[in-house]
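Sequential numbering of the sequence shown, starting at 157, is according to this note's numbering.
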Amino acid sequence: MGKKKDDLIVRCMADMFIPLALVYGFSVILHGNLSPGGGFQGGVIGAVSVLLIYLGYGHKGLKDSFSPDCLHANEVLGSIAYIVFAALGLYFGLNFCANVLAQSGNIGDLWSGGTVALMNYAVGYKVLTGVGLLLILIIGVLPADSQEAKGGDK
Numbered sequence: 157m158g159k160k161k162d163d164l165i166v167r168c169m170a171d172m173f174i175p176l177a178l179v180y181g182f183s184v185i186l187h188g189n190l191s192p193g194g195g196f197q198g199g200v201i202g203a204v205s206v207l208l209i210y211l212g213y214g215h216k217g218l219k220d221s222f223s224p225d226c227l228h229a230n231e232v233l234g235s236i237a238y239i240v241f242a243a244l245g246l247y248f249g250l251n252f253c254a255n256v257l258a259q260s261g262n263i264g265d266l267w268s269g270g271t272v273a274l275m276n277y278a279v280g281y282k283v284l285t286g287v288g289l290l291l292i293l294i295i296g297v298l299p300a301d302s303q304e305a306k307g308g309d310k
């Protein structure tokens, strides 16, 4: 088989599995307060889409798909969202990370977790963007800014 045909197969499989990784990751995040899993696990599953884009489209495809500044800004947004949801307990005179929206739905419903579910979503968002950015750095798509990464002092 030629190189061109192998690339087409890998690209087609990446196109098929990227949406599946994202949807499954979001599903694990959404149902984290009801079943095993949660923000961290779902975020890592979703971040696998970065690797799939790299495998299917190479360095150029990955550079075209993701902006490191945008990923970093979204990671910070996830952190801020977690802190805001966790601080709601302090606002209502309870502990930090207290579940102030408890009893907000029927047991077993998606929204029955109250503040815990919202914090879970924030963690999932932060992990998805953070691990995605780390994978991009590991793959070597982004230029290194430090002297150590460039080979030390010269």
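Think of the CB as a built atom: it goes at the ideal place given N, C-alpha and C, for glycine as much as any other residue.
Model, not experiment: these values are computed from the prediction.
Item                                                                                                   : Value
Under the three-state DSSP convention, the category PHE173 falls into                                  : helix
ALA237 Cβ short of 7 angstroms to the ligand FMN heavy atom set                                        : Among the ligands in the structure shown, none appear at all, so the ligand FMN cannot be discussed.
PHE182 versus PHE196: straight-line alpha-carbon distance, rounded                                     : 11 angstroms
Candidates ALA203, LEU227, ASP171 and LEU293, of which the one nearest LEU320 by Cα                    : Coverage of the chain is limited to positions 157 through 310, which leaves residue 320 absent and any answer about it impossible.
Length of the line joining the Cα atoms of LYS310 and GLY296                                           : Here the model assigns LYS310 a pLDDT of 43, short of 50, so the residue's position is not dependable, and the following value carries that caveat. Rounded to the nearest angstrom, the two C-alpha atoms are 21 angstroms apart.
Close beta carbons around VAL287, own chain, < 7 angstroms, minus the five adjacent residues each side : GLY199, VAL200 and ALA203
Alpha-carbon to alpha-carbon, LEU289 and LEU227                                                        : 6 angstroms
Contact set for TYR180: own chain, Cβ-Cβ below 7 angstroms, skip 5 residues either direction           : ILE201
Status (buried if at least 16 other CB within 10 Å, exposed otherwise) for GLN303                      : Reliability of the predicted coordinates at GLN303 is poor, the pLDDT of 42 falling under 50, and the value obtained from them is presented with this limitation in mind. So GLN303 ends up on the exposed side.
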